[in-house]
Amino acid sequence: MSTTTTQKSLLRDKLKRKANRGISATTPSEKSESHHGDGPNDRSKSSSSKQQHSNRTTANDQPNYQPLVTNKDIERANQLQQQEQAQKLELAKKEQLQRKERNEFLFKKAKNLLKTYEKSKYYQKTLQIQKDALQKYKRKSLIDEKPLPKRELAYFQYKNKLSNKQEVSRNIVWSDVDRAKAEANLARSDVLRIHSQVERGIELDPEKDIFTKTSQLSQMDLLQGVDENTRKKIYDIELTQYSPYKLQYSLSGRKLLLGGVKGHVASLDWRKFEMIHENVLNEPVKALQWLMDDGMYALAQSPYTYVYNEQGVEIHMCRDFHRVEHLAYLPFHFLLVGATGKQDIGQVIYKDISLGENVAQIKLSSPITSMVANHYNGIMCVGHLNGTLSMVQPRDSDYKPVVTMFCHEKAPLKHVAVDPTGMYMITAAADHSCKVWDIRNTYQPVTSTCYLPQTLKSGDHVTSIAISQTGMLALSLKHCIAIYKHFTHIHSLFGKDLYLLHKLPSHTTVCDLSFCPYEDLLGVGHSRGFSSLMVPGSGSTSFDSKMPNPYFTDQQVKDYNVRTLLEKIPHEMICLDPSLIGTSGLKETQKGVLSGGQSGGQSGGQSGGQSGINVCSSTVEEKGSTTIQLSDELKQELNRVGLTTSMDMMKRKRSLFTSKDEYRQELFDKYTEMKNSIPQHWYEEGEDADALDRFASLKKKKTQIR
140 MSTTTTQKSL LRDKLKRKAN RGISATTPSE KSESHHGDGP NDRSKSSSSK
190 QQHSNRTTAN DQPNYQPLVT NKDIERANQL QQQEQAQKLE LAKKEQLQRK
240 ERNEFLFKKA KNLLKTYEKS KYYQKTLQIQ KDALQKYKRK SLIDEKPLPK
290 RELAYFQYKN KLSNKQEVSR NIVWSDVDRA KAEANLARSD VLRIHSQVER
340 GIELDPEKDI FTKTSQLSQM DLLQGVDENT RKKIYDIELT QYSPYKLQYS
390 LSGRKLLLGG VKGHVASLDW RKFEMIHENV LNEPVKALQW LMDDGMYALA
440 QSPYTYVYNE QGVEIHMCRD FHRVEHLAYL PFHFLLVGAT GKQDIGQVIY
490 KDISLGENVA QIKLSSPITS MVANHYNGIM CVGHLNGTLS MVQPRDSDYK
540 PVVTMFCHEK APLKHVAVDP TGMYMITAAA DHSCKVWDIR NTYQPVTSTC
590 YLPQTLKSGD HVTSIAISQT GMLALSLKHC IAIYKHFTHI HSLFGKDLYL
640 LHKLPSHTTV CDLSFCPYED LLGVGHSRGF SSLMVPGSGS TSFDSKMPNP
690 YFTDQQVKDY NVRTLLEKIP HEMICLDPSL IGTSGLKETQ KGVLSGGQSG
740 GQSGGQSGGQ SGINVCSSTV EEKGSTTIQL SDELKQELNR VGLTTSMDMM
790 KRKRSLFTSK DEYRQELFDK YTEMKNSIPQ HWYEEGEDAD ALDRFASLKK
840 KKTQIR
């Protein structure tokens, strides 16, 4: 059929072309007759034959159209479409079956994984975690023997845009596994925070190891058991021209700031071993302090304090910080604190670096020898030349710190350090004594030592103190550095509880110590430059989300600065107990009733291991109780709230327990007593009456009417 139709179409096209050109289609016999006929009859015959032929050609020129697609072709096309649709349906069914089998297989595999996870050691360790800590973060599991509820299936289908229930249930299984791991990690971190005295660091095996004590290990022995990246972190920098050097690591632990006493300052990216900038000043550097990020720091020069940016360019000069010898920074309050030690008076200055204004200037009665910040509550611990320690806050008045402690007898207090939790404080004096104080409630020494061992004693006092994030304590004495796993182990300096001992060359003197955050490193600044020592277990493994960490990017640093500025805590909220904020002083009064008498009785100077404590200034006496010491601001707050004295409390109780008639009669008696106490001729007409005096205005009106 196809060949015949094509031939017909070709013939039609040829005929159309000839008709358009005016060529008549004649037979060869007719052509011969036309050529040989010469007479008139022949001419007439030829003309008649031409007319007949023209009539034929006109009849033949009309096209004979036939349908191009027949019914058979249509039926064949329908059959092909039906076959294609059937094939597609078969393929879709096969894919659906394969997907269903795959989802069932994955679902079974996920359930098997969940069962193996429950049998694993990791899951068994989570069972050993305290139930309270685990219950705090535990949520209801979505996996159950019963079929999944329709609401949960619909929610997951809407969330993940999935139509297959088996795949949805598989996602639920995996999410449950991830949730269980997250709960276990959170609970474990809580347990580690609660048990801050967990044993960390090196543990020796007496059967296999040569050494019996960790204090016998040197830095070379420690380097043999670590990888190459850790070995690169242990190095020495010789800088003898501008020594001795003070140092400080940034909050993130990425950058190191070195300051020579003779005027050399350098900022280093110690992880990449790159120097960011270096300055040689013509003035001695007495103290250095990183500010809100790694790109800004303050230097206490003479006579003023200067602020520099990350490129070492001076951006601000603090003229109010005149002859400052100690610097500290409170990151949550944006306060730069400086301490000056003049002839007989010490002064603590607070400057808000976000506003550039001085917040407070507090004078103290004795010269200042040391200062450190308690980051738990924002209190500044200031050591004095007479062996006392003052805890200062911006709201204090001159010569009246919130707490005064008599720590060391007849010896200046050289160095102070505070535990990161804010519970303990370590002090070192010039008489070779170190003490650990409980500064939560009792303000009493926990442990103390009045002498140093012969292995460390070299005729000089403690030159520096540092506490790590995990509670390890480092003490330096001339060229020796002693490290303890916990600061309460300081009572046994003979070597029993000594963790590590490092000795520098005998002709060097240690000037400053600082632990690197989130790293097991101890920075040592001495008379020959700088040294980095390895202290296993000193760095924290968990990062605080509100503080910078070593993995911060530049954008995260900018976001951190903006977030901390928005969340800045006002300096008025700094107090000894941060939990008092929002209680209107009620909790502080309760604490004063319980422990005020004890602290008041110990305000006098004491000798030996006990301390003299003076908390606040004024006292309130009550029947059947000891003296309670309250500050003036607290008394104003109590007056505003209504908890002024015990007399008012008795009045309220009496008004509750007595009847209305008795109470009304009592008030009437008071009114008559007050009325009788007023003299009759209390007003003179020559004087102008007070407009606010109700009685005077009435008297004036009566005289005018008369």
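All letters in the sequence shown, in the order written, are residues 140 to 845 by the numbering used here.
All C-beta atoms, glycine included, are put in the ideal place defined by N, C-alpha and C.
Keep in mind the model is a prediction, meaning the values are calculated, not measured.
Closest Cα partner of residue i within the set the options
i    : options                   : result
L616 : I604, Y623, T609 and Q608 : I604
A499 : Q532, P506 and L524       : Q532
L672 : Q695, R215, L661 and Y657 : L661
A512 : Q355, E257, E805 and M562 : M562
V575 : H628, T560 and P540       : H628
S493 : G485, G480, K502 and H472 : H472
F682 : W409, G392 and K250       : G392
R318 : P717, N516, L253 and N815 : L253
M564 : H514, E417 and R215       : H514
S679 : T692, P656 and Q695       : P656
V487 : S536, V446 and E449       : S536
A567 : A225, T581, L524 and L704 : L524
P717 : I606, I620, R579 and L390 : R579
E658 : I518, Q380, R370 and Q450 : R370
DSSP state of residue i mapped onto helix, strand, coil
i    : result
Y388 : strand
H618 : coil
F669 : strand
P584 : strand
D558 : coil
L719 : helix
H523 : strand
I629 : helix
E413 : strand
N688 : coil
V601 : coil
D152 : helix
H403 : strand
F682 : coil
A550 : coil
I213 : helix
K430 : Sequence check: residue 430 is Leu here, not Lys. In the structure shown, L430 sits in coil (DSSP, three-state: anything other than H, G, I, E or B).
L361 : helix
T811 : helix
T369 : helix
Sequence-distant residues of its chain with Cβ nearer than 6 Å to residue i (five each side left out)
i    : result
G522 : T508, S509, L528, L552 and V555
D152 : none
A426 : A439, H465 and L466
D375 : S670
L378 : G668
I373 : S671 and M673
D651 : K385, L386, S603 and G664
Bridge partner(s) assigned by DSSP for residue i
i    : result
Y445 : L438 and M456
K490 : L475 and N497
Q237 : The partner list for Q237 (beta bridge, DSSP) is empty, contrary to what the question assumes.
S259 : Answer by DSSP bridge pairing: none, since S259 is not bridged.
E464 : Note: E464 sits in no beta bridge, so no partner.
N513 : I518
T566 : V555 and K574
V649 : H665
V419 : H403
L503 : G485
H641 : I620
L397 : L386 and A405
Residues near residue i in its chain [Cβ-Cβ closer than 7 Å; skip 5 each side]
i    : result
Y443 : M456, C457, R458, F460 and H461
T588 : S572, C573, I629, H630 and L632
T586 : V575, T627, I629 and H630
F350 : L343 and L356
Close-in-space but distant-in-sequence residues of the same chain around residue i (CB under 8 Å, 5 per side omitted)
i    : result
E234 : none
- Given 8 Å, three or more beta-carbon pairs between the region 706-716 and the region 476-485: no
- Query: Just checking, does the region 361-378 make contact with the region 640-651 on the three C-beta pairs under 8 Å criterion?
  - Reply: no
- Item | Segment contact flag, the region 694-704 with the region 396-412, C-beta cutoff 8 Å, min 3 pairs | Between the region 694-704 and the region 396-412, the count of Cβ pairs shorter than 8 Å is below three; the stretches do not touch.
- Touching by the beta-carbon criterion (3+ pairs, under 8 Å), the region 663-679 and the region 419-438: no
- Within the chosen definition, does the region 679-694 reach the region 414-424 through at least 3 CB pairs nearer than 8 Å? no
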